[in-house]
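Visitor: Let me begin by handing over the structure; questions about it come next.
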Amino acid sequence: DAGITQSPRHKVTETGTPVTLRCHQTENHRYMYWYRQDPGHGLRLIHYSYGVKDTDKGEVSDGYSVSRSKTEDFLLTLESATSSQTSVYFCAISATGGDNEQFFGPGTRLTVL
Amino acid sequence: AQSVTQLDSHVSVSEGTPVLLRCNYSSSYSPSLFWYVQHPNKGLQLLLKYTSAATLVKGINGFEAEFKKSETSFHLTKPSAHMSDAAEYFCVAQNGNKLVFGAGTILRVKS
Chain A
32 DAGITQSPRH KVTETGTPVT LRCHQTENHR YMYWYRQDPG HGLRLIHYSY
82 GVKDTDKGEV SDGYSVSRSK TEDFLLTLES ATSSQTSVYF CAISATGGDN
132 EQFFGPGTRL TVL
Chain B
2 AQSVTQLDSH VSVSEGTPVL LRCNYSSSYS PSLFWYVQHP NKGLQLLLKY
52 TSAATLVKGI NGFEAEFKKS ETSFHLTKPS AHMSDAAEYF CVAQNGNKLV
102 FGAGTILRVK S
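Line by line, the protein sequences are chains A and B. Heads up: the first sequence begins at 32 in this note's numbering, then just goes up one per residue. Heads up: the second sequence begins at 2 in this note's numbering, then just goes up one per residue.
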């Protein structure tokens with residue numbers, strides 16, 4: 032298995048609180064991605080990174096920010112969590128982007144009450 | 002813009018019978034296409050990938066998919082289902098450095 036960990040694995044929080052999810056990789060891959068998974072929608076891209084300090088928005092980026100200060104870590108922050116952000120969040124990594132395979136982490140289940 | 006449509010949200014088969022999961026893509030060019038599988042409470046795993054070489058692509062665990070440009074389809078098949086194939090399957094298209102996912106098909110395998 033690709034060396035990807037996500038923390039926390041489960042979190043329950045209240046509306047309006049900030050939340051940060053962490054993705055950590057040991058593969059030294061350049062590209063890192065954050066997705067959310069909701070029933071009937073598959074996975075939707077939130078943000079991705081193509082290098083340290085280089086990030087771009089995905090299709091559902093509103094309400095989320097990201098940071099990548101080191102190759103191995105990619106943080107996803109919900110500045111003020113809302114109930115619509117209740118979801119399962121997956122991190123993925125890829126060596127070169129494009130049509131290169133993405134390897135997925137185990138996921139973080141976030142519940143916003 | 003790239004989009005992917007999985008034609009069935011649920012498919013149910015008996016163990017030992019063939020599996021067919023249908024996928025259509027929308028693009029003005031031939032993108033790279035993938036099938037990923039997600040077992041319950043797990044992350045996603047790549048089953049196979051098409052990148053404009055052979056139109057029939059073989060993947061892991063006996064799965065294969067055929068790219069048909071004239072039909073803009075990339076259906077996933079397996080000759081004989083096994084109980085361990087029960088999972089959710091995603092058809093995925095490349096869009097630059099990003100992937101576009103279909104909504105998923107849940108495969109149920111009955112004994």
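The beta carbon of each residue, even a glycine, is placed where N, CA and C say it ideally should be. As the structure is a computational prediction, the values presented were derived from the model and not from experiment.
(1) Can you list, in chain order, the residues of the region 68–102 of chain A whose Cβ is nearer than 9 Å to any Cβ on chain B?
(2) Interface residues of chain B around glycine 138 of chain A at Cβ under 7 Å?
(3) Whether or not the region 65–84 of chain A and the region 29–36 of chain B are in contact is what I'm after, with contact meaning three or more pairs of Cβ atoms, one per stretch, closer than 8 Å; do they touch?
(4) Note down, in chain order, each residue of its chain lying with its Cβ closer than 8 Å to the Cβ of aspartate 86 of chain B, except the 5 sequence neighbours on either side.
(5) How big is the Cα-Cα spacing for leucine 1 of chain B and histidine 55 of chain A?
(6) What span of residues does the beta strand (DSSP E) with methionine 84 of chain B cover, start to end?
(7) Expressed to the nearest angstrom, what Euclidean distance is found between the alpha-carbon atoms of phenylalanine 121 of chain A and serine 92 of chain A?
(8) On a CA-only basis, which of B:Cys24, B:Ser4, B:Phe102 is nearest leucine 72 of chain B? Give me that one, please.
(9) What do you get for aspartate 136 of chain A, buried or exposed, if any count of 16 or more other CB atoms within 10 angstroms of its CB means buried?
Guide: To lay it out plainly:
(1) Gln68, Pro70, Gly71, His72, Gly73, Leu74, Arg75, Leu76, Tyr79, Tyr81, Asp87, Gly89, Glu90
(2) Walking along the first sequence from the start, residue 138 of chain A turns up at place 107. Residues of chain B passing the Cβ test: Gly44.
(3) no
(4) If you number the second sequence from 1, residue 86 of chain B lands on position 85. The residues are Val20, Asn62, Lys79, Leu108, Val110.
(5) Given that chain B is displayed from residue 2 to residue 112, the structure contains no residue 1 of chain B and the question cannot be resolved.
(6) Residue mapping note: residue 84 of chain B aligns to position 83 of the second sequence, counting from 1. First-last for methionine 84 of chain B: undefined, no H or E at that position.
(7) What you label residue 121 of chain A is simply residue 90 of the first sequence in a count that begins at 1. What you label residue 92 of chain A is simply residue 61 of the first sequence in a count that begins at 1. Those two C-alpha atoms are separated by around 14 Å.
(8) Taking the second sequence and counting its residues from 1, the one referred to as residue 72 of chain B is at position 71. Sequence check: residue 72 of chain B is glutamate here, not leucine. Residue B:Cys24 is the option with its Cα nearest to glutamate 72 of chain B.
(9) Your numbering for residue 136 of chain A matches position 105 in the first sequence. Note that residue 136 of chain A is glycine in the sequence shown, not aspartate. Glycine 136 of chain A comes out buried.
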